[in-house]
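Data first, discussion second: the structure below is written as structure tokens.
Protein chains: 2
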Amino acid sequence: MRETVFTKIVKGEIPCFKLGENENAFAFLDINPVTEGHSLVVPKYPYRNIFDTPENILGDVIVLAKEVAILLKDKLGADGINIVSSNGREANQEIEHLHFHVVPRYKKESLNIWQELRKYQVTETIEDVYKKIKS
Amino acid sequence: MRETVFTKIVKGEIPCFKLGENENAFAFLDINPVTEGHSLVVPKYPYRNIFDTPENILGDVIVLAKEVAILLKDKLGADGINIVSSNGREANQEIEHLHFHVVPRYKKESLNIWQELRKYQVTETIEDVYKKIKS
């Protein structure tokens, strides 16, 4: 099996602040958090991204992400939760092992997660994009 | 049943650029895209967010998101894909019906989806946060 920092965390070879697990997924605190309680949920097996992860494994990952979201809301008083997954280097994926960020959000911050991507200049019409997709 | 803009889209009462569906989920192009091909995947029933969505429905939503991600990669030449879900107004959720954004990313842009949230000032140590969660 290919090894990643996350497979080592799952196997206990790298310590982590574990939050939970189920048959195919494992959750722990991100050590470089964007907000307090920022967590990661990963499949136990090192699928690279959403493109190569089987459906049942994806299901286990998102179900554990929901559990972590509820835990962070209840225990840290998060006012909202972002779920974010980056697939491919151009989408800002850094570790080649699928991971879903579970990011608690707090009233005090007034940040907008879309601020950065809104800088992108959309040049094609939605009709033209749809034609390409359906071609 | 509570009505939302998304239940109206699912029922065909509001037109959309439909990309696909399965038993519990429905996918279409976002009409206010951040990048070309920006899509939304929603449960057919109007669950408000990840907190109140049953596990099997979440599974259908993420599986359809994967299919849409592959479609956008293949048809639009996306170099990467972000999956983003906002849960709660403080997480920048605007429509109270769970939705997963599927956002194609392109080499030309050089944007970082984490740029905005990195402005948040983390003040608590990860150890203190973990103690709170485990309390």
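Just so you know, the sequences run in chain order Y and P. In case it helps, our numbering puts the first sequence at residues 7 to 141. In case it helps, our numbering puts the second sequence at residues 7 to 141. Just so you know, even glycine gets a beta-carbon here, dropped at the ideal spot from N, CA and C. Computed from a predicted model, the values in this text were never measured in an experiment.
In the three-state reduction of the DSSP assignment, Ala75 of chain Y falls in the helix class, which pools H, G and I. The shortest C-alpha to C-alpha distance from Val135 of chain P to any of Y:Asp58, Y:Lys79, Y:Gly65 is the one to Y:Lys79. Residue state for Val69 of chain Y is assigned as helix, using DSSP reduced to three classes. The C-beta distance from Val74 of chain P to Ser45 of chain P rounds to 5 Å, short enough to fall under 8 Å. Minimum Cα-Cα distance from Ile76 of chain P among the listed residues Y:Lys14, Y:Phe12, Y:Ile56, Y:Ile15 corresponds to Y:Ile56. Not a single CB atom of chain Y sits nearer than 9 Å to the CB of Glu27 of chain P.
Straight across, the Cα-Cα distance linking Arg124 of chain P with Asn38 of chain Y is about 10 Å. Annotation: the continuous beta strand (DSSP E) that includes Ile87 of chain Y extends over 86 to 93. Secondary structure of Phe23 of chain Y (DSSP, three-state): coil. Val108 of chain P carries a strand assignment under DSSP once its states are collapsed to helix, strand and coil.
For Val11 of chain P, the three-state secondary structure derived from DSSP is helix. Its Cα nearest to that of Val48 of chain Y, the residue Y:Val90 stands out among Y:Ala97, Y:Val90, Y:Val40, Y:Tyr126. Straight across, the Cα-Cα distance linking Asp58 of chain P with Arg95 of chain P is about 15 Å. Against chain Y, the CB of Asn88 of chain P has a partner CB under 9 Å away; the residue lies at that interface. Here Leu82 of chain Y is near Lys138 of chain P, since their CB atoms are less than 9 Å apart.
Looking at the DSSP output, Phe34 of chain P shares a beta bridge with P:Lys24, P:Leu46.
For Asn30 of chain Y, the nearest beta carbon of chain P is not closer than 9 Å to its own beta carbon. Sequence-distant partners of Ala71 of chain Y (beyond 5 residues in either direction) whose C-beta falls short of 7 Å from its own C-beta, in its chain, are Val47, Ile89, Phe106, Val108. Close to Phe12 of chain P, with beta-carbon spacing below 8 Å, lies no residue of chain Y; the smallest spacing is near 17 Å.
By the rule that beta-carbons nearer than 9 Å mark a contact, Gly43 of chain Y touches chain P.
Val69 of chain P places its beta carbon less than 9 Å from that of Asn28 of chain P. One finds Glu96 in chain Y with Cβ atoms closer than 7 Å to the Cβ of Lys113 of chain P, taken in chain order.
Within the same chain, and ignoring the five residues on either side of Ile87 of chain P in sequence, the residues whose Cβ sits closer than 8 Å to its Cβ are Ala75, Leu78, Lys79, Val108, Val109, Pro110, Arg111. The Cβ-Cβ distance between Glu102 of chain Y and Thr10 of chain Y falls below 9 Å.
Using a CB distance cut-off of 9 Å, Leu35 of chain P counts as an interface residue toward chain Y. Short of 6 Å from the beta carbon of Phe32 of chain Y, and not among the five residues preceding or following it, lie these beta carbons of its own chain, in chain order: Val16, Val48, Lys50.
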